[in-house]
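Okay, so the sequence shown: first residue is 299 according to the working numbering, each after it adds one. C-beta atoms are modelled at their ideal positions from N, C-alpha and C, and glycine is treated no differently. Structure, as structure tokens:
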Amino acid sequence: MMTSAGDFCTHCRLPLGLRPMQRTLDGEACSFCCYGCCIAYQVKTGRNEEFEATWLLIRLGVGGFLSMNVMLVSLVIYAGAFDADAWLIPWIHLLLWIFATPALVILGEPYLRETIINARQGRLTSAALVVLGVTAAYAYSVFAMFERSQHVYFDTATMVLMLFTLGSYIEAAGRAKAARDLEPLLAAESESATVVENGIETRRPVRDIGPGMLVRTMPGERVSVDGVVVEGESHTDEAAITGESRRIVKGVGSTVIAGSVNLDGPLLIESAAAGTSTRWAGICHSVREALSRPSPLQRVADRVVGMSVPFVVVLGGLTTVLWARSLPFDQALLAGLAVLVVACPCAVGLAAPLATSLGIGRLARSGCLVRDPAALEALGRCRLLAFDKTGTLTSGTPRIVGVDADGVERDEVLARAAGLERHSEHGFARAVMAAANQRGLEPAKVHDVRVVPGRGVLGSIGGQTVAAGNGALMKDMGWQAGPALGARAQTLEASGHSLIQVGWTGRVRAVLALDDTPLPEARSTIGQLQGLGLHVAILTGDLEQAGRRIGAAVGIEDTAAGLSPEEKSAALDRLRQTYPVVAMVGDGLNDGLALAEADIGIAVGSATDLARETATVLLPSGGLWMLPWVVSVARMVRRTVITNLVWAFGYNLVALTLAALGLLQPVLAAAVMASSSLLLVVNSLRLCRLPEPVSTRTRQADTELDGVGALVPALTRSAVQGG
């Protein structure tokens, strides 16, 4: 009977047995026959956080074995078991020294290395406190052993290191878990793909794939390139890029994006760009950069820690001197060591980075990119969101929202206008064609078509001259609208609408009103943001009437219109006087300056290159609905960081006071610090249970063309109806 490759241990290649270990390491699903193979494989192939956590576990196992032997023998001495055989005590102390020395080397090497590196740079960190305390206890014990003293403290030195290593392992394990959660998203840097050339399949790094290459993606694999399907049918999940977890049908001719997951069928994809230029690769690079930078809160905490280390060293020395006046020197030394050990701010160093990393990773897995931890922290305390209008709260595409006709059928107007505009490339032409298609109208057949740049289109239908364009075109032709239609046109223009006038037989017969309509999810998104206590405003370069109309449609009262890019930046400065932290949401070329000047610049996925480059937070394409969730995540991350810092500093302060009063032994002090780190890890890992974003998108109501009454003063839905 054949055995599949999946039945063998990933490390030793022996059969897995009945109860294999299943782990995801470096983004790959692995199976191991035993825990030893799992550890060995991580040491051999692990990277970054996973590798660090594994090595700390090995150190903890070996060093812990030696330390526990030292502790057990010391307990026997403390119990008085050798009081009758005092001649054995020096030999037992020698045995303790033999066990303690390799334990200190194994467990203390990371702290010593960090202290030496920082000392060369003229800095003292928390590792220096551990090294000073443990070295003092060990050196005193060696001296006391050769002096034939009855008291040595090898157990204190080794157990302190073991407990600190335990705390470090807990921290590293928390970071490794965060890294494992991010690994599928950040795999773009190390991903390989199956390239098909001349019918031969080979595995190549994604970075070596160029445009036009054929890449085969099997079910369950992540798509590694942006491209077009040339063979096969399947469904994909694009949640990592778009934020929406749903099955999307893919067949020949369908576009696929790198980072999505192929669900149920093999696909042959023609690459549209280099493997290193996909959005997935860009997200990967940006997230790694963000994770490598400390947040402002963490920088403040690090400065406080740096300033406190010399103070703690002095306090430890003073504690030893003061207690030595009333206690034996060895007991006074223990009090001083307890001060050094308990003041080690390991938890402070963990408080912000772990929570921030988990928050950035959680957002990234839903397609929201945070380029700077400072932006996430600022968004957590932001109280004002300013929106650009066009393309951010609206579709950014003009649509026919009203047809006013003078003595003719509206269907006839649309058919004639569509017949003319089908020959034009203008954006308004596409809006006319879309309105005609929506009504099921066949564009009229037009002859002798002539496009007048900047004015409109002329043609002939049944021997009659027909024109569609602006008022200047109609004026040039000497055509005028009737009094009622002319008044309506003026009203529409005053309210910020764009107009197309349609005429034939020497007069203007109808006016088409165009406008940019709100996104279906805009109103519910704004409502949720306001429910979070945020003040929401619109800063737009459009006409005031258009800005206020869209503001009313989506539920925003504070609107500033007619603003240039510089004026938007100035408006943000004025708003900052009332709201210290302001965010700007935009997508256009004219939003680049405002996005850069705001405390948090947020760009939607369809943004121009300038907007995307200047923003610090990027939402996926069509991801406006995710903004309330992003704000909630930012607030939760900031709340977790502050809770961690308050706990870490408060815990250290109380424990430091107890140690200076002689109420804590060094071993107990180390246990207190390890428990502090554990509590911070557990508190931060709660961010892993943050809920998925829930779409607020709603189906747009059926649109119909109506008269001007549906358009003014506020347009909340399109109207298309026959005359």
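Secondary structure note for Met775: its alpha helix (DSSP H) is the uninterrupted segment 769 to 775. DSSP, reduced to helix, strand and coil, places Val880 within a strand of the structure shown.
Going by C-alpha positions, Val611 is about 19 Å away from Thr454. Taking every protein chain shown into account, the CB of Arg807 has 16 or more other CB atoms within 10 angstroms, so this residue is buried. Judged by their CB atoms, Thr463 and Ala401 are not nearer to each other than the 8 Å cut-off.
If you draw a straight line from the Cα of Gln799 to the Cα of Asp535, it comes to about 46 Å. With contacts defined as CB atoms closer than 8 Å, Leu810 and Val730 qualify as a contacting pair. Per DSSP, the beta bridge partners of Ile567 are Val513, Val527. In this structure, Ala901 keeps its C-beta atom at 8 Å or more from the C-beta atom of Gly921. Under DSSP, Val619 takes part in no beta bridge, so it has no partner. Using a Cβ distance threshold of 8 Å, Ala425 and Thr413 count as a contacting pair.
Listed in chain order, the non-local C-beta contacts of Ser722 below 7 Å within the same chain comprise Val749, Val755, local neighbours out to five positions each way being set aside. Asn735 is classed as exposed because its beta carbon has fewer than 16 other beta carbons within 10 Å across all chains shown. A direct Cα-to-Cα measurement between Gln875 and Leu832 gives close to 16 Å. Residue pairing by DSSP puts Ala835 in a beta bridge opposite Ala684, Asp856. Beta-bridge partners assigned by DSSP to Met319: Phe330. As the crow flies, the alpha-carbon of Ser973 is around 10 Å from that of Tyr949. Of the residues Arg520, Gly497, Met516, Thr492, the one whose Cα lies closest to the Cα of Gly508 is Thr492. Beta-bridge partners of His533 (DSSP): Val547. The distance from the Cβ of Gln843 to that of Ser796 is about 12 Å, inconsistent with a contact at the 8 Å cut-off.
Apart from sequence neighbours up to five positions away, no residue of its chain approaches Arg728 with a beta-carbon distance below 6 Å. Secondary structure note for Ile824: it is in no beta strand (DSSP E), and the uninterrupted alpha helix (DSSP H) holding it is 820 to 829. The continuous stretches of beta strand (DSSP E) do not include Gln875, and DSSP gives it neither H nor E. Of the residues Gly776, Leu790, Gln963, the one whose Cα lies closest to the Cα of Ala782 is Leu790. Rounded to whole angstroms, the gap between the alpha carbons of Arg786 and Ile836 is 28 Å. In its chain, beyond the 5 residues on either side, Arg753 have a beta carbon closer than 7 Å to the beta carbon of Ala770. Burial check for Leu961: the Cβ neighbour count within 10 Å stays below 16, so the residue is exposed.
One Cα belongs to Val711, the other to Ala703, and the distance between them is close to 8 Å. Taking a contact as a CB-CB distance under 8 Å, the pair Val504 and Glu489 counts as one, their CB atoms being some 5 Å apart. In terms of Cβ geometry, Gln963 and Ala636 form a close pair [threshold 8 Å].
When DSSP reads this structure, Glu895 sits in no beta bridge, so it has no partner. Going by DSSP, Gly678 is part of the alpha helix (DSSP H) stretching over 671 to 678. Contact holds between the stretch 762 to 778 and the stretch 713 to 722, because three or more Cβ pairs, one in each stretch, are under 8 Å apart. Under DSSP, His745 takes part in a beta bridge, and its partners are Ser758. Inclusion of Ala641 and Leu427 in the CB contact set at 8 Å is warranted, their separation being smaller than that value.
Within 10 angstroms of the beta-carbon of Ser862 lie fewer than 16 other beta-carbons, which makes it exposed.
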